[in-house]
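Protein chains: 2
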Amino acid sequence: MSAASEARPQVLVTEVGPRDGLQNEKAAVPTEAKVRFVDALVAAGVRQIETTSFVNPKRVPAMADAADVFALLPRRPGVRYVALVPNLKGYERARAAGCDAIALFTAASEGFARANINMTIEQSLAGFRDIAKAAAADGVSMRGYVSTVFACPYDGPTAPDQVLKVTEALLDLGCYEVSLGDTIGVGTPTDTHRLLGILLRYLPSRMLALHFHDTWGMAVANVVAGLEDGLRSFDASAGGLGGCPYAPSASGNLATEDLVYLLDHLGYDTGIDLDALVSAGDVISPFLDHPLPGRVHQAVQSQRARRAQLAATEAS
Amino acid sequence: MSAASEARPQVLVTEVGPRDGLQNEKAAVPTEAKVRFVDALVAAGVRQIETTSFVNPKRVPAMADAADVFALLPRRPGVRYVALVPNLKGYERARAAGCDAIALFTAASEGFARANINMTIEQSLAGFRDIAKAAAADGVSMRGYVSTVFACPYDGPTAPDQVLKVTEALLDLGCYEVSLGDTIGVGTPTDTHRLLGILLRYLPSRMLALHFHDTWGMAVANVVAGLEDGLRSFDASAGGLGGCPYAPSASGNLATEDLVYLLDHLGYDTGIDLDALVSAGDVISPFLDHPLPGRVHQAVQSQRARRAQLAATEAS
Numbered sequence: 070m071s072a073a074s075e076a077r078p079q080v081l082v083t084e085v086g087p088r089d090g091l092q093n094e095k096a097a098v099p100t101e102a103k104v105r106f107v108d109a110l111v112a113a114g115v116r117q118i119e120t121t122s123f124v125n126p127k128r129v130p131a132m133a134d135a136a137d138v139f140a141l142l143p144r145r146p147g148v149r150y151v152a153l154v155p156n157l158k159g160y161e162r163a164r165a166a167g168c169d170a171i172a173l174f175t176a177a178s179e180g181f182a183r184a185n186i187n188m189t190i191e192q193s194l195a196g197f198r199d200i201a202k203a204a205a206a207d208g209v210s211m212r213g214y215v216s217t218v219f220a221c222p223y224d225g226p227t228a229p230d231q232v233l234k235v236t237e238a239l240l241d242l243g244c245y246e247v248s249l250g251d252t253i254g255v256g257t258p259t260d261t262h263r264l265l266g267i268l269l270r271y272l273p274s275r276m277l278a279l280h281f282h283d284t285w286g287m288a289v290a291n292v293v294a295g296l297e298d299g300l301r302s303f304d305a306s307a308g309g310l311g312g313c314p315y316a317p318s319a320s321g322n323l324a325t326e327d328l329v330y331l332l333d334h335l336g337y338d339t340g341i342d343l344d345a346l347v348s349a350g351d352v353i354s355p356f357l358d359h360p361l362p363g364r365v366h367q368a369v370q371s372q373r374a375r376r377a378q379l380a381a382t383e384a385s
Numbered sequence: 070m071s072a073a074s075e076a077r078p079q080v081l082v083t084e085v086g087p088r089d090g091l092q093n094e095k096a097a098v099p100t101e102a103k104v105r106f107v108d109a110l111v112a113a114g115v116r117q118i119e120t121t122s123f124v125n126p127k128r129v130p131a132m133a134d135a136a137d138v139f140a141l142l143p144r145r146p147g148v149r150y151v152a153l154v155p156n157l158k159g160y161e162r163a164r165a166a167g168c169d170a171i172a173l174f175t176a177a178s179e180g181f182a183r184a185n186i187n188m189t190i191e192q193s194l195a196g197f198r199d200i201a202k203a204a205a206a207d208g209v210s211m212r213g214y215v216s217t218v219f220a221c222p223y224d225g226p227t228a229p230d231q232v233l234k235v236t237e238a239l240l241d242l243g244c245y246e247v248s249l250g251d252t253i254g255v256g257t258p259t260d261t262h263r264l265l266g267i268l269l270r271y272l273p274s275r276m277l278a279l280h281f282h283d284t285w286g287m288a289v290a291n292v293v294a295g296l297e298d299g300l301r302s303f304d305a306s307a308g309g310l311g312g313c314p315y316a317p318s319a320s321g322n323l324a325t326e327d328l329v330y331l332l333d334h335l336g337y338d339t340g341i342d343l344d345a346l347v348s349a350g351d352v353i354s355p356f357l358d359h360p361l362p363g364r365v366h367q368a369v370q371s372q373r374a375r376r377a378q379l380a381a382t383e384a385s
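Protein sequence lines, in the order shown, are assigned to chains V and C.
Residues in the first sequence are numbered from 70 upward in steps of one, following the numbering used here.
Residues in the second sequence are numbered from 70 upward in steps of one, following the numbering used here.
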């Protein structure tokens with residue numbers, strides 16, 4: 070890290086491509102490719118990464134190889150390899166695989182909790198209490214996720230007080246950070262300021278992260294709003310993985326390259342090398358049934374193609 | 070317009086899809102489809118629209134039918150149908166076609182002016198003086214465009230003072246508004262604030278518009294920055310037309326739907342109906358060799374597809 074970058078304020082970028090991204094892709098990706106993908110992201114400078122998910126393999130076949138991913142993964146120092154666990158059984162599988170950082174996922178709206186995890190919010194939090202107890206004893210760190218923080222596809226707009234309540238519950242369980250997810254990507258900077266205006270009355274900004282989806286094109290503007298309100302932790306998915314804009318089921322994850330490009334130019338230090346990040350996307354791209362949709366990813370690829378063409382012309 | 074919308078501050082959206090968009094698409098579009106596209110955009114509420122370009126048909130075959138477009142176009146009251154004219158000959162063709170609003174295009178960097186219009190900036194301004202004289206006599210209104218306001222693909226970063234100089238020259242010629250273009254889409258909110266911080270010392274905000282490209286995913290965040298600095302006029306292209314993210318030559322126009330979605334939710338009144346705007350994109354989409362890349366366009370299309378599927382299921 071250069072002297073210049075040390076002087077800039079740091080922002081933590083949490084890479085969610087290998088889990089949130091791949092789980093929402095149709096293509097089956099070989100375990101070995103997932104491992105190379107995670108390691109390429111870490112080599113690019115990622116320091117917190119949602120690696121896989123210890124969910125029921127029958128319900129989520131794409132994540133059935135979670136234990137193998139952990140077994141094969143080189144563990145680099147200073148990197149937090151997070152795995153999502155839905156229940157105590159998942160926690161035990163994650164522990165057996167050598168995982169020491171887990172993510173707990175619930176929602177701010179009952180409709181989404183019911184549809185996504187087949188529980189009430191309170192039931193999900195009750196289940197997390199057993200996991201939290203075991204995690205505390207095992208020295209495992211926990212990251213919390215609250216989805217549908219602005220609106221829910223089933224229940225409509227979400228009350229900020231409800232987000233506050235669920236976030237506080239996750240922090241009370243011992244989560245070091247709670248990531249607030251705009252699951253359907255409908256929020257605008259106004260929504261972000263309104264939500265954080267309420268949450269930051271009660272919670273310190275360093276315990277909150279923002280997880281935006283770009284479904285309606287607002288993710289980057291929402292990150293700027295979050296930065297203005299003092300947040301310094303954001304989730305994103307390499308190349309926009311999991312958010313294929315061509316498919317009707319587009320989830321539209323914010324692309325990590327777009328986030329890093331923004332943060333670089335606003336004067337923040339992410340520790341991530343943008344060029345290496347784009348190359349990490351190329352590790353996973355051949356296994357998908359579509360190009361990676363991230364705009365910066367595509368812009369850098371275009372630049373590279375033009376330079377290669379130019380070099381070929383000059384050489385001939 | 071409802072009473073509620075009258076109370077909201079107004080923002081002028083200039084639709085550039087039929088000219089800036091189509092000119093950057095490979096597909097040949099029939100004149101009749103262009104006319105239907107323009108009229109559908111106007112029906113959606115667009116009040117200023119870059120309709121076509123009276124450039125040399127040999128250099129830009131996609132715009133060879135400019136006079137026919139104007140001849141066939143229904144002219145709705147309260148709408149400014151702008152045509153780009155590069156020189157006095159183009160101006161005379163535009164006038165003969167019945168055009169009463171023109172756009173003058175130059176750059177803030179010599180490298181781009183040379184590559185794009187094959188002149189120095191001063192030569193382009195000198196040419197505009199003859200056009201401006203004729204336009205004043207004819208009662209034709211003029212809109213100015215300054216491209217490469219943040220950086221140039223040939224000359225690197227652009228000095229804000231240079232943007233100021235060219236903008237002032239266009240206003241001195243009698244332009245009612247100058248649109249500041251981030252032609253290669255590299256700017257971030259920091260760049261936008263820096264540029265406007267200088268320009269607004271000398272120029273009133275109501276004479277400036279912003280024209281962002283989304284090549285690096287920053288366009289929406291830049292619009293927010295422009296709004297914060299008091300600007301109320303923005304250019305965009307329906308569906309992101311002209312900015313195909315799959316092609317290496319992606320220009321990446323900000324999609325009008327993304328802009329309108331943002332403005333609606335930030336409490337501004339654009340007079341544009343988002344749903345009708347998406348439908349206007351569908352008029353031109355069948356003539357392209359790729360789906361429209363705009364995020365909101367795709368999100369609305371997905372919603373419509375899901376609703377149609379649901380309705381079909383319920384009916385069966």
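Think of the CB as a built atom: it goes at the ideal place given N, C-alpha and C, for glycine as much as any other residue.
All of these numbers come straight from a predicted model, not from anything done at the bench.
For this session: Could you list which residues in chain V have their beta carbon closer than 7 angstroms to that of residue 283 of chain C, in chain order?
Result: Translated into the one-based positions of the second sequence, residue 283 of chain C becomes position 214. Simply 364.
Exercise. Going along the chain, which unbroken runs of the alpha helix (DSSP H) with 4 or more residues stay wholly within the region 268-325 of chain V?
Worked result: Complete alpha helix (DSSP H) runs here, min 4: 288-297.
For this session: Tell whether a beta-carbon distance below 8 angstroms holds between residue 299 of chain C and residue 116 of chain C.
Result: The sequence position of residue 299 of chain C within the second sequence is 230, counting from 1. The sequence position of residue 116 of chain C within the second sequence is 47, counting from 1. For residue 299 of chain C and residue 116 of chain C, no; Cβs fall outside 8 angstroms.
For this session: Determine the extent of the beta strand (DSSP E) in which residue 117 of chain V is found, giving its start and end residues.
Result: Within the first sequence, the letter at position 48 stands for residue 117 of chain V. In the DSSP assignment, residue 117 of chain V falls within the unbroken beta strand (DSSP E) covering 117-122.
For this session: Count the C-beta pairs between the region 208-216 of chain V and the region 285-292 of chain V that are closer than 8 angstroms, then say yes if the count reaches three, no if not.
Result: Verdict: no, contact absent.
Problem set entry | Within 8 angstroms of chain V by C-beta, residues of the region 254-282 of chain C in sequence order | Answer set for the region 254-282 of chain C: 254, 257, 258, 259, 260.
Exercise. Would you report the Cα separation of residue 151 of chain C and residue 96 of chain C, rounded to the nearest angstrom?
Worked result: Numbered from 1 along the second sequence, position 82 holds the residue referred to as residue 151 of chain C. Numbered from 1 along the second sequence, position 27 holds the residue referred to as residue 96 of chain C. Rounded to whole angstroms, residue 151 of chain C to residue 96 of chain C spans 23 angstroms at the Cα level.
Exercise. Under a Cβ-count criterion, where at least 16 other Cβ atoms within 10 Å of its own Cβ denotes burial, should residue 355 of chain C be classed as buried or exposed?
Worked result: Here residue 355 of chain C refers to the residue found at position 286 of the second sequence. So residue 355 of chain C ends up on the exposed side.
Problem set entry | Beta-carbon gap between residue 363 of chain C and residue 93 of chain C smaller than 8 angstroms | By one-based count along the second sequence, residue 363 of chain C stands at place 294. By one-based count along the second sequence, residue 93 of chain C stands at place 24. Going by C-beta atoms, residue 363 of chain C is not nearer than 8 angstroms to residue 93 of chain C.
For this session: Check the C-beta distance from residue 235 of chain V over to residue 200 of chain V and give it rounded, since I have them as a contact under 8 angstroms.
Result: Looking up residue 235 of chain V in the first sequence gives position 166. Looking up residue 200 of chain V in the first sequence gives position 131. About 16 angstroms separates the two Cβ atoms, so there is no contact after all.
Exercise. Given residue 145 of chain C, which residues of its chain have a CB within under 6 angstroms of its CB, disregarding the five upstream and five downstream residues?
Worked result: Reading the second sequence from its first residue, position 76 is the one you call residue 145 of chain C. Cβ-Cβ distances below 6 angstroms link residue 145 of chain C to 111 in the same chain, with the five nearest sequence neighbours on each side left out; the list follows chain order.
Exercise. Does the beta-carbon of residue 291 of chain C have 16 or more other beta-carbons within 10 angstroms, so that it is buried, or is it exposed?
Worked result: If you number the second sequence from 1, residue 291 of chain C lands on position 222. When all chains shown are included, residue 291 of chain C counts as buried.
For this session: Give every residue of the same chain whose Cβ lies closer than 6 angstroms to the Cβ of residue 246 of chain V, excluding the five residues on either side of it in the sequence, and list them in chain order.
Result: For this step, residue 246 of chain V is matched to residue 177 along the first sequence. The beta carbon of residue 246 of chain V is closer than 6 angstroms to those of 212, 276, 278 in its chain, skipping five residues each way along the sequence.
For this session: Can you tell me which of the three DSSP states residue 213 of chain V falls into?
Result: The sequence position of residue 213 of chain V within the first sequence is 144, counting from 1. In the displayed model, residue 213 of chain V falls within a strand according to three-state DSSP.
Problem set entry | Contacts of residue 321 of chain C in chain B (Cβ-Cβ under 8 angstroms) | Chain labels in this structure do not include chain B; the protein chains are V and C.
For this session: Pull up the DSSP beta-bridge partners for residue 248 of chain V, would you.
Result: For this step, residue 248 of chain V is matched to residue 179 along the first sequence. For residue 248 of chain V, which the question treats as bridged, DSSP gives the partners V/214, V/278.
For this session: Could you spell out the range, first to last residue, of the alpha helix (DSSP H) harbouring residue 190 of chain C?
Result: As a first step, residue 190 of chain C must be located in the second sequence, where it is residue number 121. Unbroken alpha helix (DSSP H) run through residue 190 of chain C: 190-207.
Exercise. Quick one: which chain C residues come within Cβ less than 7 angstroms of residue 287 of chain V?
Worked result: Here residue 287 of chain V is taken as the residue at index 218 of the first sequence, counted from 1. Correct list: 289, 331.
For this session: With a 10 Å radius around its C-beta and 16 neighbouring C-beta atoms as the bar for buried, classify residue 319 of chain C as buried or exposed.
Result: On the second sequence, residue 319 of chain C is found 250 positions in, with the first residue counted as 1. With a pLDDT of 49 at residue 319 of chain C, under the threshold of 50, the predicted position of this residue should be treated as unreliable, though the coordinate-derived value follows. Buried.
For this session: Look up residue 428 of chain C in the DSSP assignment and say whether it is helix, strand or coil.
Result: Since the first and last residues shown for chain C are 70 and 385, residue 428 of chain C lies out of range.
Problem set entry | Presumed contact (8 angstroms Cβ cut-off) between residue 390 of chain C and residue 126 of chain C, rounded CB distance | No answer is possible for residue 390 of chain C: it lies beyond the span of chain C, which begins at 70 and ends at 385.
Exercise. Can you list, in chain order, the residues of its chain whose CB lies under 7 angstroms from that of residue 194 of chain C, leaving out five sequence neighbours each side?
Worked result: Counting from 1 along the second sequence, the entry for residue 194 of chain C is found at position 125. The answer, listed in chain order, is 175, 238.
Exercise. Quick one: is residue 293 of chain V near chain C, going by C-beta distance under 8 angstroms?
Worked result: One-based indexing of the first sequence puts residue 293 of chain V at position 224. Chain C, which has a Cβ nearer than 8 angstroms to the Cβ of residue 293 of chain V, makes this yes.
For this session: For residue 367 of chain V, count neighbouring C-beta atoms within 10 Å of its own C-beta (all shown protein chains included) and say buried if the count is 16 or more, exposed if not.
Result: One-based indexing of the first sequence puts residue 367 of chain V at position 298. Residue 367 of chain V should be labelled buried.
Problem set entry | Beta carbon proximity, residue 335 of chain C to chain V, threshold 8 angstroms | Against the second sequence, residue 335 of chain C aligns to sequence position 266. Residue 335 of chain C counts as touching chain V.
Problem set entry | DSSP bridge partner residues for residue 150 of chain C (one or two, in chain order) | Taking the first residue of the second sequence as 1, we reach residue 150 of chain C at position 81. When DSSP reads this structure, residue 150 of chain C sits in a beta bridge with C/118.
Exercise. Which residues in the same chain as residue 167 of chain V place their Cβ atom closer than 7 angstroms to its Cβ, once the five residues preceding and following it in sequence are excluded?
Worked result: In the first sequence, the residue the question calls residue 167 of chain V occupies position 98. Here the set comprises 139.
Exercise. At least one CB of chain C closer than 8 angstroms to the CB of residue 14 of chain V: is that the case?
Worked result: Within the shown structure, residues of chain V are numbered from 70 to 385, placing residue 14 of chain V beyond reach of any answer.
Problem set entry | Any C-beta of chain V under 8 angstroms from that of residue 207 of chain C | By one-based count along the second sequence, residue 207 of chain C stands at place 138. The C-beta of residue 207 of chain C comes no closer than 8 angstroms to any C-beta of chain V.
Exercise. Where DSSP assigns a beta bridge to residue 175 of chain C, which residues make up the other side?
Worked result: Here residue 175 of chain C refers to the residue found at position 106 when the second sequence is read from its first residue. According to DSSP, which records beta bridges pairwise, residue 175 of chain C is partnered with C/215.
Problem set entry | Cα-Cα separation between residue 178 of chain C and residue 255 of chain C, rounded to whole angstroms | In the second sequence, counting from the first residue as 1, residue 178 of chain C sits at position 109. In the second sequence, counting from the first residue as 1, residue 255 of chain C sits at position 186. One C-alpha to the other measures close to 15 angstroms.
Exercise. Would you say residue 137 of chain V reaches chain C, if we count a Cβ-Cβ gap shorter than 8 angstroms as a contact?
Worked result: Within the first sequence, numbered from 1, the residue matching residue 137 of chain V stands at position 68. With 8 angstroms as the cut-off, residue 137 of chain V does not count as an interface residue toward chain C.
Exercise. At a Cβ threshold of 8 angstroms, is residue 327 of chain V touching chain C?
Worked result: Position 258 of the first sequence, counted from the first residue, corresponds to residue 327 of chain V. At least one CB of chain C lies nearer than 8 angstroms to the CB of residue 327 of chain V.
Exercise. Going by C-alpha distance, which of C/264, C/369, C/259, C/83 is nearest residue 231 of chain C?
Worked result: Locating residue 231 of chain C in the second sequence gives position 162, counting from the first residue. When C/264, C/369, C/259, C/83 are compared, the shortest CA-CA separation from residue 231 of chain C is found for C/264.
Exercise. Which runs of the beta strand (DSSP E) fall wholly inside the region 77-114 of chain C and span at least 3 residues, in chain order?
Worked result: Assignment of beta strand (DSSP E) within the region 77-114 of chain C, counting only whole runs of 3 or more residues, yields 81-84 in chain order.
Problem set entry | Own chain residues within Cβ distance below 6 angstroms of residue 169 of chain C, not counting five before or after | Stepping through the second sequence from its first residue, residue 169 of chain C is reached at position 100. 209.
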